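Peer 1: So the sequence lines, in the order shown, correspond to chains Z and L. The first sequence begins at 1 in the numbering used here and counts up one residue at a time. The second sequence begins at 354 in the numbering used here and counts up one residue at a time.
Protein chains: 2
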Amino acid sequence: MSLTVRGYAALSAQQPLGLFRFDRRSLRDTDVAIDILYCGVCHSDLHNARNDWGNAVYPMVPGHEIIGRVVEVGSAVTRFRQGDAVGVGCMVNSCGGCASCAKGQEQYCDNQATYTYNAIDPQDGRMTYGGYSERVVVSQDFVLRIAEGLDLAGAAPLLCAGITTWSPLRHWHVGAGSRVAVVGLGGLGHMAIKLAKALGAEVTLFTRSAGKEADARRLGADHIVLSADAAQMQASAGRFDLIIDTVPYVHDVNPYIPTLATDGTLVLVGYLGPLEPMLNTAPLVMQRKAVAGSLIGGIRETQEMLDFCAQQGISADIEVIRMQDINTAFERMLRSDVKYRFVIDMASLKGIQ
Amino acid sequence: MSLTVRGYAALSAQQPLGLFRFDRRSLRDTDVAIDILYCGVCHSDLHNARNDWGNAVYPMVPGHEIIGRVVEVGSAVTRFRQGDAVGVGCMVNSCGGCASCAKGQEQYCDNQATYTYNAIDPQDGRMTYGGYSERVVVSQDFVLRIAEGLDLAGAAPLLCAGITTWSPLRHWHVGAGSRVAVVGLGGLGHMAIKLAKALGAEVTLFTRSAGKEADARRLGADHIVLSADAAQMQASAGRFDLIIDTVPYVHDVNPYIPTLATDGTLVLVGYLGPLEPMLNTAPLVMQRKAVAGSLIGGIRETQEMLDFCAQQGISADIEVIRMQDINTAFERMLRSDVKYRFVIDMASLKGIQ
Chain Z
1 MSLTVRGYAA LSAQQPLGLF RFDRRSLRDT DVAIDILYCG VCHSDLHNAR
51 NDWGNAVYPM VPGHEIIGRV VEVGSAVTRF RQGDAVGVGC MVNSCGGCAS
101 CAKGQEQYCD NQATYTYNAI DPQDGRMTYG GYSERVVVSQ DFVLRIAEGL
151 DLAGAAPLLC AGITTWSPLR HWHVGAGSRV AVVGLGGLGH MAIKLAKALG
201 AEVTLFTRSA GKEADARRLG ADHIVLSADA AQMQASAGRF DLIIDTVPYV
251 HDVNPYIPTL ATDGTLVLVG YLGPLEPMLN TAPLVMQRKA VAGSLIGGIR
301 ETQEMLDFCA QQGISADIEV IRMQDINTAF ERMLRSDVKY RFVIDMASLK
351 GIQ
Chain L
354 MSLTVRGYAA LSAQQPLGLF RFDRRSLRDT DVAIDILYCG VCHSDLHNAR
404 NDWGNAVYPM VPGHEIIGRV VEVGSAVTRF RQGDAVGVGC MVNSCGGCAS
454 CAKGQEQYCD NQATYTYNAI DPQDGRMTYG GYSERVVVSQ DFVLRIAEGL
504 DLAGAAPLLC AGITTWSPLR HWHVGAGSRV AVVGLGGLGH MAIKLAKALG
554 AEVTLFTRSA GKEADARRLG ADHIVLSADA AQMQASAGRF DLIIDTVPYV
604 HDVNPYIPTL ATDGTLVLVG YLGPLEPMLN TAPLVMQRKA VAGSLIGGIR
654 ETQEMLDFCA QQGISADIEV IRMQDINTAF ERMLRSDVKY RFVIDMASLK
704 GIQ
């Protein structure tokens with residue numbers, strides 16, 4: 001009562017990803033089966049595959065920026081039908097009963113959302129496998145609709161990089177007149193610039209490299225501030241309502257705090273770990289500033305973001321690769337050699353036996 | 354064109370405070386002259402007198418929790434008249450023209466509010482002198498009305514300890530149904546408990562000492578959690594909407610973060626400096642939590658707090674001392690040997706030549 005599919009898996013932290021056959025469950029009443037067309041390559045795929053966070057279970061099929069078409073629906077599915085273009089992001093389920101789920105914030109589910117891969121599905125006790133594969137089976141409540149006109153390959157990164165930056169932009173009420181700064185120009189950072197700009201904000205990129213200026217402006221940044229240039233940093237004092245910090249490794253956030261306006265927030269979306277060097281509380285107290293975190297986004301706001309992107313013609317800047325190039329892509333990602341997201345064309349799997 | 358008054362001043366960081374004569378300016382049109390009845394002793398008075406923050410100017414007359422009666426008003430004063438019971442807090446002026454001042458948040462004035470002591474008054478270029486003195490002259494816009502029925506000595510600490518905890522309670526929308534925790538049971542902490550409870554919140558005190566339980570409950574705490582007890586901390590996981598951290602020295606905030614609910618904020622009101630050990634961002638990201646700071650409060654919200662306290666019968670728990678006991682009081686404060694605020698009875702100055 002299941003279908004054997006092909007995907008790419010990590011078999012250990014040390015091995016490159018390779019072909020892996022595994023079973024997808026038969027459809028439950030509310031399930032949707034999706035033929036995967038594209039899957040974005042998130043930095044966390046690399047972290048997970050190499051067990052950087054210490055919780056890897058092998059074999060692991062990464063991938064949580066999934067775009068595909070519905071091929072089959074369960075008997076109780078009302079919201080999708082065969083042929084629909086759909087997406088699946090970082091979560092495939094949540095408890096549905098807690099306060100966070102009731103608010104449509106399944107990412108903060110009190111009983112922990114079920115992640116799209118490297119998680120135990122509490123419904124059947126089996127590991128979840130992600131989008132580096134031919135097909136996925138997901139409850140309709142965690143399937144997103146992809147509106148006509150959205151580029152399907154470029155839409156894949158919206159499911160993680162997009163929503164991870166959209167959610168704080170909306171939560172902190174960014175709109176016309178807001179001043180937003182973005183730290184780091186990668187997969188998340190380039191989406192943060194596009195989305196903040198489209199929401200009407202004045203957008204600044206903090207970067208260590210003057211070479212990024214032209215690209216940042218093309219993406220929508222109004223200003224570029226070189227974070228190593230003390231005069232430029234000084235000139236930005238008290239400026240930003242929200243800073244979205246996308247840097248995925250340990251770094252010093254202290255230099256950015258003075259550039260927040262009173263009541264401003266620096267929100268970390270890329271880094272989990274101790275803030276080094278130590279965070280100085282003085283500027284937080286003196287101007288009621290905050291350092292916060294934010295995790296992906298809920299299903300409702302993901303749909304909202306996808307519809308907004310379709311309407312505004314926004315998608316990610318991507319480089320399409322074949323599934324068999326994933327290990328090279330991981331290495332290039334480690335060198336930040338990607339503008340700005342790899343997306344796997346899953347048709348490439350068809351040629352692999 | 355000025356009046357010589359007596360006060361107590363620090364003449365250097367090393368010397369005890371002693372009698373000091375200085376001039377108060379003649380009244381400008383909008384000024385109010387106040388005979389000081391009581392002045393609270395804030396921990397920052399000690400820090401300032403001993404130049405712990407490196408910006409002390411001597412002689413320094415501390416004191417920013419001032420209660421007195423109006424003895425004279427300038428020709429354009431409309432809001433006060435002779436005999437009114439009034440208060441003066443941490444600020445005696447601000448620019449009045451910036452966005453923060455327009456919002457009634459003079460404490461965040463873009464051009465820096467004029468502090469009640471150890472500051473240069475931009476109007477005349479002279480140092481400000483605080484409430485450890487017979488009389489003060491202040492613009493009516495920075496004078497607070499003390500409603501009938503409020504105990505005058507117990508009201509003094511409301512001007513700093515009270516507003517410093519009230520402002521975050523209001524800014525983060527604490528009310529019926531809120532769960533608030535307080536870290537540290539001193540001048541600020543005991544006011545935080547009283548005010549949060551009166552606003553309708555369920556209030557928890559985090560403390561390192563089981564001996565504080567009875568007092569905390571008397572002040573209004575519903576629960577006491579021993580921060581060194583791992584089981585009690587674990588049982589508080591995900592509980593609080595707001596944690597008011599009043600600890601005035603470097604300390605580890607990491608243990609408190611897991612006790613915040615999703616979207617919860619830990620607000621620092623007592624400590625300016627680097628957070629040691631390092632703040633871990635993981636729980637901030639995973640449940641959209643924040644670490645913020647907050648500084649005293651604006652004039653409008655200080656008046657709101659004073660009126661609320663009069664209506665609810667809330668004042669600080671105090672120990673009244675004579676002016677000449679201030680140096681002993683400083684030493685006792687360093688040992689946390691005060692429940693919960695020293696207040697100087699300024700009548701004691703009359704006996705000193």
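Yeah, the Cβ is synthetic: ideal placement off N, Cα and C, and Gly gets one too. Just so it is clear, the structure is predicted and the values come from calculations on it, not from any experiment.
Could you tell me whether the Cβ atoms of N118(Z) and M60(Z) are closer together than 8 Å?
Peer 2: The count along the first sequence starts at 1 and reaches residue 118(Z) at position 118. The count along the first sequence starts at 1 and reaches residue 60(Z) at position 60. Result yes, Cβ atoms of N118(Z) and M60(Z) sit closer than 8 Å.
Peer 1: Could you check the C-alpha separation between K194(Z) and L185(Z) for me, to the nearest Å?
Peer 2: Here residue 194(Z) refers to the residue found at position 194 when the first sequence is read from its first residue. Here residue 185(Z) refers to the residue found at position 185 when the first sequence is read from its first residue. Using only the alpha carbons, I get a separation of about 11 Å.
Peer 1: Using only the alpha-carbon positions, how far apart do V32(Z) and K339(Z) sit?
Peer 2: On the first sequence, position 32 is the one that residue 32(Z) refers to. On the first sequence, position 339 is the one that residue 339(Z) refers to. About 32 Å.
Peer 1: Applying the criterion that 16 or more other CB atoms from any shown protein chain within 10 Å of the CB defines a buried residue, is R688(L) buried or exposed?
Peer 2: Taking the second sequence and counting its residues from 1, one reaches residue 688(L) at position 335. Exposed is the call here.
Peer 1: Just the Cα atoms here: how many angstroms apart are L621(L) and T281(Z)?
Peer 2: Counted from its first residue, the second sequence places residue 621(L) at position 268. Counted from its first residue, the first sequence places residue 281(Z) at position 281. Each residue's alpha carbon lies about 8 Å from the other.
Peer 1: If we call anything under 8 Å between Cβ atoms a contact, is H64(Z) one with C101(Z)?
Peer 2: For the purposes of this step, residue 64(Z) is identified with residue 64 of the first sequence, where counting begins at 1. For the purposes of this step, residue 101(Z) is identified with residue 101 of the first sequence, where counting begins at 1. For H64(Z) and C101(Z), no; Cβs fall outside 8 Å.
Peer 1: Quick check on M278(Z) - is its C-beta less than 8 Å from some C-beta in chain L?
Peer 2: Residue 278(Z) sits at position 278 when you count from the first residue of the first sequence. Answer yes: the Cβ-Cβ gap between M278(Z) and chain L drops below 8 Å somewhere.
Peer 1: 8 Å is my cut-off, CB to CB: does S453(L) come that close to chain Z?
Peer 2: In the second sequence, counting from the first residue as 1, residue 453(L) sits at position 100. Closer than 8 Å: yes.
Peer 1: Under the three-state reduction of DSSP, which class applies to Y256(Z): helix, strand or coil?
Peer 2: Residue mapping note: residue 256(Z) aligns to position 256 of the first sequence, counting from 1. In this structure, Y256(Z) counts as helix in the three-state DSSP scheme.
Peer 1: R170(Z) to G125(Z), Cα distance in whole Å?
Peer 2: As a first step, residue 170(Z) is located in the first sequence; it is residue number 170 there, counting from the start. As a first step, residue 125(Z) is located in the first sequence; it is residue number 125 there, counting from the start. C-alpha separation (whole angstroms): 35 Å.
Peer 1: Could you pull out every unbroken beta strand (DSSP E) segment of at least 3 residues lying fully inside the segment 187-235 of chain Z, listed in chain order?
Peer 2: 202-207, 223-226
Peer 1: Taking contact to mean 3 or more Cβ pairs, one atom from each stretch, closer than 8 Å, check whether the segment 153-164 of chain Z and the segment 28-47 of chain Z are in contact.
Peer 2: yes
Peer 1: Candidates A231(Z), I67(Z), R21(Z), A329(Z): which alpha carbon is nearest G83(Z)'s?
Peer 2: What you label residue 83(Z) is simply residue 83 of the first sequence in a count that begins at 1. Among A231(Z), I67(Z), R21(Z), A329(Z), the Cα nearest to that of G83(Z) is on I67(Z).
Peer 1: Find the nearest neighbour of E304(Z) within the set G18(Z), D263(Z), L144(Z), judged by alpha-carbon distance.
Peer 2: As a working note, residue 304(Z) is residue 304 in the first sequence. Looking at the Cα atoms, L144(Z) is the closest of the given residues.
Peer 1: Using the Cβ count rule (16 or more neighbours within 10 Å means buried), how would you classify T262(Z)?
Peer 2: One-based indexing of the first sequence puts residue 262(Z) at position 262. Answer is buried; the Cβ neighbour count reaches 16.
Peer 1: Find the nearest neighbour of T30(Z) within the set S167(Z), F142(Z), V86(Z), judged by alpha-carbon distance.
Peer 2: Sequence index remark: in the first sequence, residue 30(Z) carries index 30 (1-based). Minimum Cα distance to T30(Z) is reached at F142(Z).
Peer 1: Residues of chain L with CB under 7 Å from Q287(Z), in chain order?
Peer 2: Taking the first residue of the first sequence as position 1, residue 287(Z) is located at position 287. Going along chain L in sequence order, the residues near Q287(Z) (Cβ under 7 Å) are Y461.
Peer 1: Take V5(Z) and list the residues in its own chain whose beta-carbon comes closer than 8 Å to its own, dropping the five residues that flank it on each side.
Peer 2: Along the first sequence, read from residue 1 onward, the residue named residue 5(Z) stands at position 5. These residues qualify, in order along the chain: R21, F22, D23, R24, S133, E134, R135.
Peer 1: What does G293(Z) touch in chain L if you count any residue whose Cβ is under 9 Å from its own?
Peer 2: By one-based count along the first sequence, residue 293(Z) stands at place 293. The answer, in chain order, is T634, A635, P636, L637, V638, M639, Q640, R641, K642, A643.
Peer 1: Along the chain, where does the beta strand (DSSP E) containing S139(Z) start, and where does it finish?
Peer 2: Here residue 139(Z) refers to the residue found at position 139 when the first sequence is read from its first residue. Its beta strand (DSSP E) spans residues 135-139.
Peer 1: Inspect the beta-carbon positions of L27(Z) and V137(Z) and report whether they are closer than 8 Å.
Peer 2: Locating residue 27(Z) in the first sequence gives position 27, counting from the first residue. Locating residue 137(Z) in the first sequence gives position 137, counting from the first residue. Yes.
Peer 1: Measuring straight from C-alpha to C-alpha, what distance separates E654(L) and Y361(L)?
Peer 2: Taking the second sequence and counting its residues from 1, the one referred to as residue 654(L) is at position 301. Taking the second sequence and counting its residues from 1, the one referred to as residue 361(L) is at position 8. About 30 Å.
Peer 1: Determine whether the beta carbon atoms of N680(L) and L372(L) lie at a separation below 8 Å.
Peer 2: On the second sequence, residue 680(L) is found 327 positions in, with the first residue counted as 1. On the second sequence, residue 372(L) is found 19 positions in, with the first residue counted as 1. Result no, Cβ atoms of N680(L) and L372(L) do not sit closer than 8 Å.
Peer 1: Which residue comes first and which comes last in the alpha helix (DSSP H) that contains F308(Z)?
Peer 2: One-based indexing of the first sequence puts residue 308(Z) at position 308. F308(Z) -> alpha helix (DSSP H) spans 299-312.
Peer 1: Output needed for Y461(L): all residues of its chain with C-beta closer than 6 Å, excluding positions within five of it in sequence on either side, in chain order.
Peer 2: Translated into the one-based positions of the second sequence, residue 461(L) becomes position 108. Result list for Y461(L): S453, in chain order.
Peer 1: Below 9 Å between beta carbons is the criterion; list the residues of the segment 612-623 of chain L that meet it against any residue of chain B, in chain order.
Peer 2: Absent from the structure: chain B. Protein chains present are Z and L.
Peer 1: Could you list which residues in chain L have their beta carbon closer than 7 Å to that of L272(Z), in chain order?
Peer 2: For the purposes of this step, residue 272(Z) is taken as residue 272 along the first sequence, with counting starting at 1. Neighbours of L272(Z) on chain L, chain order: T634, A635, V638.
Peer 1: Who are the Cβ neighbours of M676(L) in its own chain at under 6 Å, not counting the five residues just before and after it?
Peer 2: Numbered from its first residue, the second sequence carries residue 676(L) at position 323. Y361, I697, S701, L702, listed in sequence order.
Peer 1: With a threshold of 8 Å between beta carbons, is L334(Z) in contact with chain L?
Peer 2: As a working note, residue 334(Z) is residue 334 in the first sequence. Chain L, which has no Cβ nearer than 8 Å to the Cβ of L334(Z), makes this no.
Peer 1: Do you know offhand how far T618(L)'s Cα is from Y468(L)'s?
Peer 2: Here the question's residue 618(L) lines up with position 265 in the second sequence. Here the question's residue 468(L) lines up with position 115 in the second sequence. Y468(L) has its alpha-carbon roughly 28 Å from the corresponding atom of T618(L).
Peer 1: Using the DSSP secondary-structure output, state which residues sit across from V673(L) in a beta bridge.
Peer 2: Residue mapping note: residue 673(L) aligns to position 320 of the second sequence, counting from 1. For V673(L), which the question treats as bridged, DSSP gives the partners V696(L).
Peer 1: Tell me whether N93(Z) is buried or exposed, calling it buried when 16 or more other Cβ atoms sit within 10 Å of its Cβ.
Peer 2: Mapped onto the first sequence, residue 93(Z) falls at position 93. Per the 10 Å Cβ criterion, buried.
Peer 1: In the DSSP assignment, find the unbroken beta strand (DSSP E) run with E392(L) in it and report its ends.
Peer 2: Translated into positions along the second sequence, residue 392(L) becomes position 39. The amino acid occupying residue 392(L) in the given sequence is Cys; Glu does not appear at that position. C392(L) -> beta strand (DSSP E) spans 384-394.
Peer 1: Per the contact definition of three or more C-beta pairs closer than 8 Å, is the segment 643-651 of chain L in contact with the segment 280-300 of chain Z?
Peer 2: yes
Peer 1: Residues bridged to M333(Z) by DSSP?
Peer 2: Here residue 333(Z) refers to the residue found at position 333 of the first sequence. Note: M333(Z) sits in no beta bridge, so no partner.
Peer 1: Pull up the DSSP beta-bridge partners for G371(L), would you.
Peer 2: Reading the second sequence from its first residue, position 18 is the one you call residue 371(L). According to DSSP, which records beta bridges pairwise, G371(L) is partnered with A362(L).
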